[in-house]
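In what follows, a single structure is set out as structure tokens and then discussed.
2 protein chains.
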Amino acid sequence: MTNYDQDQKVLVAVDCIIFGFDQNQEELQLLLIKRDFEPERGSWSLMGGFMQKNENIRDAAARVLTKLTGLTDVYMEQLKAFGKVDRDPVERTVSVAFCALINVEDHDQEMIKRYSARWFGISEIPQLIFDHDIMVETAIRRLRYRASVQPIGFELLPKKFTMRQLQKLYEEIFSEKLDKRNFTKKINSLDILKKLDEKDKQSSRKGSFLYKFDKNKYLNNKANGMYFKV
Amino acid sequence: MTNYDQDQKVLVAVDCIIFGFDQNQEELQLLLIKRDFEPERGSWSLMGGFMQKNENIRDAAARVLTKLTGLTDVYMEQLKAFGKVDRDPVERTVSVAFCALINVEDHDQEMIKRYSARWFGISEIPQLIFDHDIMVETAIRRLRYRASVQPIGFELLPKKFTMRQLQKLYEEIFSEKLDKRNFTKKINSLDILKKLDEKDKQSSRKGSFLYKFDKNKYLNNKANGMYFKV
DNA sequence: TCAAAAGTGTTCACCGTACACCCATGG
DNA sequence: CCATGGGTGTACGGTGAACACTTTTGA
Chain G
1 MTNYDQDQKV LVAVDCIIFG FDQNQEELQL LLIKRDFEPE RGSWSLMGGF MQKNENIRDA
61 AARVLTKLTG LTDVYMEQLK AFGKVDRDPV ERTVSVAFCA LINVEDHDQE MIKRYSARWF
121 GISEIPQLIF DHDIMVETAI RRLRYRASVQ PIGFELLPKK FTMRQLQKLY EEIFSEKLDK
181 RNFTKKINSL DILKKLDEKD KQSSRKGSFL YKFDKNKYLN NKANGMYFKV
Chain X
1 MTNYDQDQKV LVAVDCIIFG FDQNQEELQL LLIKRDFEPE RGSWSLMGGF MQKNENIRDA
61 AARVLTKLTG LTDVYMEQLK AFGKVDRDPV ERTVSVAFCA LINVEDHDQE MIKRYSARWF
121 GISEIPQLIF DHDIMVETAI RRLRYRASVQ PIGFELLPKK FTMRQLQKLY EEIFSEKLDK
181 RNFTKKINSL DILKKLDEKD KQSSRKGSFL YKFDKNKYLN NKANGMYFKV
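Quick mapping for you: the protein sequence lines, in order, are chains G and X.
Per my numbering, residue 1 is the first one in the first sequence, and the count goes up by one each step.
Per my numbering, residue 1 is the first one in the second sequence, and the count goes up by one each step.
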């Protein structure tokens, strides 16, 4: 075995674009941390870390996510590598961005405080360090695409949710109002939900029925293809 | 400025999935090289190389592509990073895969010989080294998606082409037969081609009209959205 | 009894799909 | 004159999009 050129080694980082859906504000949000280290101490940033030499890159991203949220087994998707020479002022670093969808209820509030992290609505994201703003843009585009192709929204909701919550979530993802009747019709036609006998009374006097995502139904109907228009 | 942890540096490679469309065989093809160095000497492989420390990752991919084909200003799209610990047996290496679309007529035949490279139809791709087969799968999926969203096919054709060639190309990309009338109708409705007065007489006695991609028309109609069904 | 959200059906326009015949030409 | 590929139009069905009223119930 020959050895490769050793002079050109660089650091590989991972950065996590963490999406959540705030039930109360009915808002798609992003979890950002306030850096308490140089460079750019005090600026807002994605949660990141360095890939270890003996660690799969995907595992590195999962580790970093767990460090901030306490969550494991989270939906994660790699976006791409960001590799401009000067993207990190300290040293040449290639960063691989991952986008994660979490159920906000589940995550560890204490851990978040430890990193001075905060949720931001996707329409009010502050300026971010390095090329993190481009990563976020990329992530939102990917989320939209993914949501139009797979029933991915359920990752962002609690186990039980109402049709209205689901609709609000998709409205946030696609940044457009959807028609209540058309939405219900579409979702029902996909045949991937189980309607429960319970109602959620939080948001109205009448109450609205709760649903669960039914993975078995989904796997049977997988041939369906598109879920929503892009 | 603090310094990051220096122990974890790794090599970053780029690998190019190079697509071409063979006019004669009407086949979508992939350009592969026969490795004349260890490890895996003699095996088929994607063209790759290492990113230099002072080089944007995208530029590294372009450099590698030029090295093999002689071409510059080629359509390239990053797929993603591949970063399993053991993907390269020699040493920990993260590879970023790029997919490139080239016009086969333009490329440098001599250079290809120098690398013992060869074109393979996408349905007859040999076993590849490392995780290159997964990269190729990913690239084909991305090509399909991209072709359904952008008028990308023209990158693979000569400047002037017939409606039949374009159709064959899309048939290859989507691996399905398309109806001649529906195809023509669809393409015409997009209003992105300029019909020329010339005919190509190679494939029939009657001859078939040549077209050119009209970038101005395309940019004006960009709002169109989808191009083909996925 | 009233305010506020939940739930529900129909119509129309457009687009994707299926489908078959005539045309032009070189040999 | 004929074999070969090139070019063209129509009819149907499905899906997305627009649109408004009734129901429930806690205050």
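For every residue, glycine included, the Cβ atom is placed at its ideal position computed from N, Cα and C.
Under 7 Å by beta carbon: chain X residues contacting methionine 76 of chain G: One-based indexing of the first sequence puts residue 76 of chain G at position 76. None at all; the shortest Cβ gap to chain X is about 13 Å.
Completely contained beta strand (DSSP E) runs for the segment 190-215 of chain X, where each covers 3 or more residues: 193-200 and 208-213
Whether arginine 58 of chain X touches glutamine 78 of chain X by CB criterion (8 Å): What you label residue 58 of chain X is simply residue 58 of the second sequence in a count that begins at 1. What you label residue 78 of chain X is simply residue 78 of the second sequence in a count that begins at 1. Result yes, Cβ atoms of arginine 58 of chain X and glutamine 78 of chain X sit closer than 8 Å.
Through-space distance from glycine 83 of chain G to threonine 66 of chain X, alpha-carbon basis: The residue you call residue 66 of chain X lines up with position 66 of the second sequence. The residue you call residue 83 of chain G lines up with position 83 of the first sequence. Answer to the nearest angstrom: the Cα atoms are 19 Å apart.
Integer-rounded CB distance, given that threonine 93 of chain G should sit under 8 Å from valine 14 of chain G: The residue labelled residue 14 of chain G in the question sits at position 14 within the first sequence. The residue labelled residue 93 of chain G in the question sits at position 93 within the first sequence. Actually they are not in contact, since the Cβ atoms of valine 14 of chain G and threonine 93 of chain G sit about 11 Å apart, beyond 8 Å.
Buried or exposed by the 16-neighbour rule on C-beta atoms within 10 Å, applied to aspartate 88 of chain G: Position 88 of the first sequence, counted from the first residue, corresponds to residue 88 of chain G. Buried, because 16 or more other Cβ atoms sit within 10 Å of the Cβ of aspartate 88 of chain G.
Straight-line gap, phenylalanine 120 of chain X to leucine 166 of chain X (C-alpha atoms, nearest Å): As a working note, residue 120 of chain X is residue 120 in the second sequence. As a working note, residue 166 of chain X is residue 166 in the second sequence. Going from the Cα of phenylalanine 120 of chain X to the Cα of leucine 166 of chain X covers about 20 Å.
Cutoff 8 Å: lysine 195 of chain X Cβ touching any chain G Cβ: Working through the second sequence from its first residue, we reach residue 195 of chain X at position 195. Lysine 195 of chain X does not count as touching chain G.
Sequence-distant residues of its chain with Cβ nearer than 8 Å to methionine 1 of chain X (five each side left out): Here residue 1 of chain X corresponds to residue number 1 of the second sequence, with the count starting at 1. For methionine 1 of chain X, the predicted model reports a pLDDT of 45, less than 50, meaning its position is unreliable; a value from the coordinates is still stated below. Answer for methionine 1 of chain X: no residue qualifies.
Among G:Lys180, G:Phe161, G:Ile33 and G:Phe183, the one whose alpha carbon lies nearest that of glutamine 202 of chain G: Along the first sequence, one-based indexing puts residue 202 of chain G at 202. When each option's Cα is compared against that of glutamine 202 of chain G, the closest is G:Phe161.
For isoleucine 140 of chain G, three-class secondary structure by DSSP: One-based indexing of the first sequence puts residue 140 of chain G at position 140. Three-state result, isoleucine 140 of chain G: helix.
Interface positions of the segment 38-68 of chain G facing chain X (Cβ-Cβ less than 9 Å), listed along the chain: Glu38, Pro39, Phe50, Met51, Gln52, Lys53, Asn54, Glu55, Asn56, Ile57, Arg58, Asp59 and Ala60
Separation of valine 149 of chain G from tyrosine 218 of chain G, as counted between CA atoms: Taking the first residue of the first sequence as position 1, residue 218 of chain G is located at position 218. Taking the first residue of the first sequence as position 1, residue 149 of chain G is located at position 149. Approximately 13 Å between the Cα atoms of the pair.
Contacts that glutamine 202 of chain X makes with chain G (C-beta to C-beta distance below 9 Å): Within the second sequence, the letter at position 202 stands for residue 202 of chain X. By Cβ distance, chain G contributes nothing, its closest Cβ being about 37 Å from glutamine 202 of chain X, past 9 Å.
Helix, strand or coil at valine 230 of chain G according to DSSP, with G and I counted as helix: Within the first sequence, numbered from 1, the residue matching residue 230 of chain G stands at position 230. Residue confidence for valine 230 of chain G is low, a pLDDT of 48 falling below 50, so the modelled location carries little weight; the figure read from the coordinates is stated next. DSSP places valine 230 of chain G in coil when its eight states are reduced to three.
Inter-stretch contact (C-beta, 8 Å, three-pair minimum) for the segment 195-215 of chain G and the segment 48-57 of chain G: no
Closer than 8 Å to chain G by CB, lysine 32 of chain X: In the second sequence, counting from the first residue as 1, residue 32 of chain X sits at position 32. Just to set this straight, residue 32 of chain X is leucine in the shown sequence, not lysine. Answer no: the Cβ-Cβ gap between leucine 32 of chain X and chain G never drops below 8 Å.
Spatial neighbours of asparagine 221 of chain X in its chain, beta-carbon cut-off 8 Å, leaving aside the 5 residues before and after: As a working mapping, residue 221 of chain X is identified with position 221 in the second sequence. Correct list, in chain order: Leu190, Asp191 and Ile192.
Given 8 Å, three or more beta-carbon pairs between the segment 107-121 of chain X and the segment 97-113 of chain G: no
Which residues DSSP lists as bridging methionine 76 of chain X, in chain order: For the purposes of this step, residue 76 of chain X is identified with residue 76 of the second sequence, where counting begins at 1. X:Ala100, per the DSSP bridge assignment.
Contacts of leucine 11 of chain G in chain X (Cβ-Cβ under 9 Å): Position 11 of the first sequence, counted from the first residue, corresponds to residue 11 of chain G. Going along chain X in sequence order, the residues near leucine 11 of chain G (Cβ under 9 Å) are Tyr4, Asp5, Gln6, Gln8, Lys9 and Val10.
Residues that threonine 93 of chain X bridges to, as DSSP identifies them: By one-based count along the second sequence, residue 93 of chain X stands at place 93. DSSP, once it has assigned bridges, lists X:Leu11 as partnering threonine 93 of chain X.
Glutamine 150 of chain G, DSSP secondary structure in three states: Here residue 150 of chain G refers to the residue found at position 150 when the first sequence is read from its first residue. In this structure, glutamine 150 of chain G counts as coil in the three-state DSSP scheme.
CA nearest to the CA of lysine 212 of chain X, picked from X:Glu171, X:Glu176, X:Lys159 and X:Arg181: For the purposes of this step, residue 212 of chain X is identified with residue 212 of the second sequence, where counting begins at 1. Of the listed residues, the one whose Cα sits closest to lysine 212 of chain X is X:Lys159.
Buried or exposed by the 16-neighbour rule on C-beta atoms within 10 Å, applied to glutamate 91 of chain G: Walking along the first sequence from the start, residue 91 of chain G turns up at place 91. That one is exposed.
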